[in-house]
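Chemist: Okay, handing you the structure first.
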Amino acid sequence: MTEPSAFGRPIRRGVVFGAGVLLGLLVGGGGVAVAWSATATSETPSGADADAAAACLVIDKAETPTLKGLDLTVARRWDAAAELAEAAAAGDAGYQPLADSLTKVRQAMQLTNLGIEFTTSIKRAKEFCANR
């Protein structure tokens, strides 16, 4: 459905909604990264191992997103896990499979395409964490 705008061009609600979800995921992931770095102490394990462990903890506790009411809080948790996995992979290439899986999960949520690749990517991320 479209509505007229002040600039004469119609506004598509789906585009506005998609942009809002994308912005929310980015802000949520950034917030988790800031909180993670602010709460780290000298006794806190650091580096790629700690980032991967945190990503796996989030994955373990997060609900699996569904199209039936894609909850922004759930999406933010998965986005945060993806951010942490990317940080882990930057420090240790052994975590790249985890980062790749979560990047696919993030992209699927942004496009609201929660099909087979989405489900497979979540399964791979959980298996990676279980076997680490």
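Whatever position you read off the sequence shown (first residue = 1), add 889 for the numbering used here. Even for Gly, the Cβ is constructed at its ideal location relative to N, Cα and C. These figures come from a predicted structure and were not determined experimentally.
1) From this set, 1018, 1020, 1017 and 989, which residue's C-alpha is nearest residue 1006's C-alpha?
2) Does the segment 976-987 come close enough to the segment 952-962 to have 3 or more Cβ pairs within less than 8 angstroms?
3) Measuring alpha carbon to alpha carbon, tell me which residue in 965, 999 and 997 is nearest residue 944.
4) Would you say residue 915 and residue 947 are within 9 angstroms of each other, going by their C-beta atoms?
5) With distances taken from CA atoms, which of 995, 1017 and 1010 is nearest residue 984?
6) Can you tell me whether residue 936 is buried or exposed, with buried defined as 16 or more other CB within 10 angstroms of its CB?
7) Let's test the definition: count the other Cβ atoms within 10 Å of the Cβ of residue 1019 and tell me whether it reaches 16, buried, or not, exposed.
8) Can you tell me which of the three DSSP states residue 1002 falls into?
9) Is DSSP giving residue 936 helix, strand or coil here?
Modeler: Here's the rundown:
1) 989
2) no
3) 965
4) no
5) 1017
6) exposed
7) exposed
8) coil
9) coil
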